[in-house]
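Chemist: Here it is: the structure, laid out below.
Number of protein chains: 2
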Amino acid sequence: MKIKKEVTIYDLAKELNYSPSTISRALNNHKSISKKTVKLIKEAAEEMGYRPNNLAAGLRSNKSNTIGVLISRINRPFVSSLISGIENTARKAGYNVLISQSNDKYQSEINNSNALYDSRISGLIVSLSMETIDMGHFEKFMENGIPIVFVDRVPSNFNSYKVVIDNYTAGYSATKHLIEQGCKRIAHFAGAKHRNVYLERKKGYLDALREHGLPIEDKLVVNFKTLSFDEGTKATEKLLKMTNPPDGIFAANDTTGVSAIMCAKKLGVKVPDQLAVIGFNDDPISSIVQPSLSTVSHPASKMGAISAKRILEHSAQSYDADLSEITVLGTEIIARGSSLRTVKS
Amino acid sequence: MKIKKEVTIYDLAKELNYSPSTISRALNNHKSISKKTVKLIKEAAEEMGYRPNNLAAGLRSNKSNTIGVLISRINRPFVSSLISGIENTARKAGYNVLISQSNDKYQSEINNSNALYDSRISGLIVSLSMETIDMGHFEKFMENGIPIVFVDRVPSNFNSYKVVIDNYTAGYSATKHLIEQGCKRIAHFAGAKHRNVYLERKKGYLDALREHGLPIEDKLVVNFKTLSFDEGTKATEKLLKMTNPPDGIFAANDTTGVSAIMCAKKLGVKVPDQLAVIGFNDDPISSIVQPSLSTVSHPASKMGAISAKRILEHSAQSYDADLSEITVLGTEIIARGSSLRTVKS
DNA sequence: ATAGTTAACGGAATCGATTGCGTAAATTAA
DNA sequence: TTAATTTACGCAATCGATTCCGTTAACTAT
Chain A
1 MKIKKEVTIY DLAKELNYSP STISRALNNH KSISKKTVKL IKEAAEEMGY RPNNLAAGLR
61 SNKSNTIGVL ISRINRPFVS SLISGIENTA RKAGYNVLIS QSNDKYQSEI NNSNALYDSR
121 ISGLIVSLSM ETIDMGHFEK FMENGIPIVF VDRVPSNFNS YKVVIDNYTA GYSATKHLIE
181 QGCKRIAHFA GAKHRNVYLE RKKGYLDALR EHGLPIEDKL VVNFKTLSFD EGTKATEKLL
241 KMTNPPDGIF AANDTTGVSA IMCAKKLGVK VPDQLAVIGF NDDPISSIVQ PSLSTVSHPA
301 SKMGAISAKR ILEHSAQSYD ADLSEITVLG TEIIARGSSL RTVKS
Chain B
1 MKIKKEVTIY DLAKELNYSP STISRALNNH KSISKKTVKL IKEAAEEMGY RPNNLAAGLR
61 SNKSNTIGVL ISRINRPFVS SLISGIENTA RKAGYNVLIS QSNDKYQSEI NNSNALYDSR
121 ISGLIVSLSM ETIDMGHFEK FMENGIPIVF VDRVPSNFNS YKVVIDNYTA GYSATKHLIE
181 QGCKRIAHFA GAKHRNVYLE RKKGYLDALR EHGLPIEDKL VVNFKTLSFD EGTKATEKLL
241 KMTNPPDGIF AANDTTGVSA IMCAKKLGVK VPDQLAVIGF NDDPISSIVQ PSLSTVSHPA
301 SKMGAISAKR ILEHSAQSYD ADLSEITVLG TEIIARGSSL RTVKS
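Note that the protein sequences, when read in sequence, are chains A and B.
Take the first sequence: its letters are residues 1 to 345, numbered as in the UniProt record's numbering.
Take the second sequence: its letters are residues 1 to 345, numbered as in the UniProt record's numbering.
Rendered as structure tokens:
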């Protein structure tokens, strides 16, 4: 296989009897080059198969036009939609997207953040790993003026762009919804305490109970490690076999919400009449399970688009931007069969 | 915000009284630098916060250590698992992953392939868009020695690495499975004819019917445009309202398979006894729907890992590699409630 | 007609690594 | 002890753009 030599602006310069500077300017629509020349050069570039070298351009101009994404794992509905939103808006602006998954491991997050840094990304979009507490590995980005947008799973002790939903209100509303359906003893499937999303959903749950005069029982709050299906099944079994089982569950994600429904059905517990369930995220499985799982909408793609836009805006302006801008998106309760009771008990 | 000047190998050279070449070699574990010096330099680099500049290194060495991925859309279970597999193996080898989604549009695929090319990726992994027929936009990669791995949705008229499953056998086995369950009139939900995956599944379906002496009816083969849930629902409705409805459906993906189950239930058609259904992919929804959807396993993550490995191997060897290597992975029929009949009719 | 602008382009340094070639010192072989 | 290697590094070109400063010619204003 013969490997062709690539066409550079020097080749174009020689061919057209212009200097490389003029070629470069023409290709970038610099105003000091006449329209005629620009047209001529662009046509020749096209014809000769010229393709810019981003490595060279990035090295010199110190702009890679690349957004780095640091997430836990890609193959989950929320995350893949998030990335889809990022990629679509980045692409429209001519930016590339570099991805890396930490698999929820702290050390991987550090390594990956370094790898992305080494590629001199224009900005970083991060959803923290489950384990991450220390933020030291993000400081070099700030020091070098590379904007970071934390999305969904954000830190509380680090000042930077953030794009989140109102997890507290969502948790409150989800719980309130169950209360309105007549639930008196509502359990909660909670995630890692140090991750804002789970902490706030739990706070919303607790406050909703309090404000509606319902008792808070420690035994009804299950702390999950990974919020997996199996973990959800076990927790549900344990709850339903209590002498005084709950009549409602607010699960911090849809996976465990669905597991609760399926487990309850297997145990002969009627959903929603004996046990009402609401999840979180609006994953595809939530509308497939029978009865379909009530849930909280999570604008994943939109959050991705906004995050990317923050980076693009930041790159566009040379002056010092306000790095502490926080975007809070609203959510909606999606009431489905798993919680809508015909006769309220 | 003060922006720090980045530390380069020149800074290290000055600080340690070595030449930049020695610094570079030491950092890359070049054998001609003594162990002592390597250790000294690496420690100083660490301490001074040195981070390599991939743009500079890539420009000079003509290796970006980056894999480009070109897929239709990320937020689908198969694709996100595929990318997850790619990313994990690429990362282990110190490679970055650039992603781009065509949204199944031909022109976007062209634009994205150019964008990836401009970043001088070390290799490209492609799952073709629904629309793509012409392969011209991939030629410049071949001409410049950049390996392409086509995965899942591959071209028939382009010679390059390919990683696929045996769609024909999978289609044959899925259909045979329905036949073994007693189905006599089996419908097929088929995808775009020019995409290998759908074409071959259909071929397998047709041959299975033929070899088992079942008639082939045009009306039972539904050609889908996007294989979406709504499309599946409509098709199922139409089929079930025929005077002589099918007693089995082999759907080319799980989404339409699930839609068939749900539609049948709504119309009062018993699954699997009156209508047995099998899908394709083993998406999460397939094990959630009731009855759970029989399907064909699709080793998405493994295919991603293998694809990435092809690129890594190709980059490692300087000699001309055999570009036409095709990897065919096996699949398994996952028999679940939607097709397993207690009493075979 | 002359000075002052503007338009259109060229020269050359620069970004931060990598690497072929050269060389002095240290080590080994004979 | 001397020649032959080997070890451990330095020099300087190079990758392919971008961009700060000119410079020339055409044009405009007075």
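The C-beta atom is built at its ideal place from N, Cα and C for all residues, glycine as well.
#1: CB-CB under 7 Å to LEU199/A, same chain, minus the five flanking residues each way: which ones, in chain order?
#2: Under 8 Å Cβ-Cβ, which residues of chain B neighbour ASN53/A?
#3: Here's the rule I'm using: 16 or more other beta-carbon atoms within 10 Å means buried, otherwise exposed. How should MET48/A be labelled?
#4: To the nearest angstrom, report how far apart ALA177/A and VAL269/A are at their CA atoms.
#5: Express the C-alpha separation of ALA26/A and ALA44/A in angstroms, rounding to a whole number.
#6: Closer than 6 Å by C-beta to PRO215/A: which residues in its own chain qualify, once you throw out the five before and the five after it? Chain order, please.
#7: Compare the C-beta of LYS140/A against all C-beta atoms of chain B and say whether one is closer than 8 Å.
#8: SER286/B to SER294/B, Cα distance in whole Å?
#9: What number of angstroms, rounded off, separates the C-alpha of VAL55/B from the C-alpha of GLN317/A?
#10: How about PRO77/A: is its C-beta nearer than 8 Å to some C-beta of chain B?
#11: Considering just the uninterrupted stretch of the beta strand (DSSP E) at GLY97/A, what are its terminal residues?
#12: For SER21/B and SER32/B, I'd like the C-alpha separation in whole angstroms.
#13: Spell out the partners DSSP gives SER294/B in its beta bridges.
#14: Going straight from the alpha carbon of GLU15/A to that of ILE165/A, what length do you get?
#15: If you count every other CB in all the chains shown that lies within 10 Å of the CB of ARG60/B, and 16 or more means buried, which is it?
#16: Identify the contact partners of VAL289/A in chain B, using a Cβ-Cβ distance below 8 Å as the criterion.
#17: Give the DSSP bridge partners of LEU329/B, in chain order.
#18: Could you name the residues that DSSP lists as bridge partners for HIS188/B?
#19: Keeping to the same chain, check which residues put their C-beta closer than 7 Å to that of LEU240/A; ignore five residues upstream and five downstream.
#20: Hey, ILE179/A and PRO246/A are a contact pair by Cβ (cut 8 Å); roughly how many whole angstroms apart?
#21: Taking only the alpha-carbon atoms, compute the straight-line gap between ARG91/B and LEU275/A and give it to the nearest angstrom.
#22: Quick one, which of SER156/B, PRO155/B, THR236/B and ALA174/B has its alpha-carbon nearest LEU206/B's?
#23: Can you find a CB in chain B that lies within less than 8 Å of the CB of ILE20/A?
#24: Compare the Cα-Cα distances from ARG51/A to each of GLU313/B, VAL97/B, SER113/B and LYS203/B and report the closest residue.
#25: Using the Cα positions of ILE311/A and PHE141/A, report the straight-line distance between them to the nearest angstrom.
#26: What are the partner residues of GLY123/A, as DSSP defines its beta bridges?
#27: What residues in the region 70–99 of chain A have a beta carbon less than 8 Å from any beta carbon of chain B?
#28: Can you find a C-beta in chain A that's less than 8 Å from the C-beta of SER294/B?
#29: Exposed or buried, ASP254/A, counting other C-beta atoms within 10 Å across all chains shown (16 or more means buried)?
#30: Can you tell me whether ILE83/B is helix, strand or coil according to DSSP?
#31: Within 8 Å, do at least three Cβ pairs link the region 147–166 of chain B to the region 210–229 of chain B?
#32: Output, in chain order, the set of chain B residues within a Cβ distance shorter than 9 Å of ASN223/A.
#33: For my contact list, residue 370/B and ALA170/B are in at a C-beta cut-off of 8 Å; report their separation, rounded to the angstrom.
Modeler: This is what the structure gives:
#1: Excluding positions up to five away in sequence, the list reads LYS193.
#2: Those are LEU59, ASP118 and ARG120, listed as they occur along chain B.
#3: Exposed, by the Cβ-count rule.
#4: One detail in the question is off: residue 177/A reads as His in this sequence, not Ala. Going by the C-alpha atoms only, they are around 20 Å apart.
#5: In this structure, the straight-line span from the alpha carbon of ALA44/A to that of ALA26/A is close to 11 Å.
#6: So the list is empty, once near-sequence residues are dropped.
#7: Closer than 8 Å: yes.
#8: SER286/B and SER294/B have their C-alpha atoms roughly 7 Å apart.
#9: A small fix is needed here, since residue 55/B is Leu in this sequence, not Val. If I take the Cα positions, the gap works out to 23 Å.
#10: Using beta-carbon distances, PRO77/A counts as an interface residue toward chain B, with a partner under 8 Å.
#11: Looking at the sequence itself, residue 97/A is Val, so the reference to Gly does not match. 96–101 is the span of the beta strand (DSSP E), which, as asked, contains VAL97/A.
#12: When rounded, the distance between both Cα atoms is 11 Å.
#13: Bridge partners of SER294/B: ILE278/B.
#14: A direct Cα-Cα distance of roughly 56 Å separates GLU15/A from ILE165/A.
#15: Counting Cβ neighbours within 10 Å, ARG60/B comes out exposed, since fewer than 16 surround it.
#16: Result: ILE288, VAL289 and GLN290.
#17: The partner list for LEU329/B (beta bridge, DSSP) reads ILE165/B.
#18: Answer is VAL221/B and PHE250/B, bridged to HIS188/B.
#19: Closer than 7 Å at the Cβ level, and outside the excluded window around LEU240/A, lie ALA264, LEU267 and VAL269.
#20: Rounded to whole angstroms, the Cβ separation of ILE179/A and PRO246/A is 13 Å, and the two are not in contact under 8 Å.
#21: The alpha-carbon atoms of ARG91/B and LEU275/A are separated by roughly 44 Å.
#22: For LEU206/B, the closest alpha carbon among the candidates SER156/B, PRO155/B, THR236/B and ALA174/B is that of ALA174/B.
#23: According to the sequence provided, residue 20/A is Pro. The question's Ile does not apply to it. For PRO20/A, the nearest beta carbon of chain B is not closer than 8 Å to its own beta carbon.
#24: The shortest C-alpha separation from ARG51/A is found at SER113/B.
#25: Whole-angstrom Cα-Cα distance: 13 Å.
#26: Under the DSSP definition of a beta bridge, GLY123/A partners with ILE67/A.
#27: Listed by position, the residues of the region 70–99 of chain A near chain B (Cβ gap below 8 Å) are ARG73, ILE74, ASN75, ARG76, PRO77, VAL79, SER80, SER81, ILE83, SER84, GLU87, ASN88, ARG91, GLY94, ASN96, VAL97, LEU98 and ILE99.
#28: Not one chain A Cβ lies under 8 Å of SER294/B.
#29: When all chains shown are included, ASP254/A counts as buried.
#30: Correct three-state label for ILE83/B: helix.
#31: Contact fails: fewer than three Cβ-Cβ distances are below 8 Å.
#32: Listed by position along chain B, the residues whose Cβ is nearer than 9 Å to that of ASN223/A form an empty set, because the closest Cβ is around 24 Å away.
#33: With chain B covering only 1 through 345, there is no way to say anything about residue 370/B.
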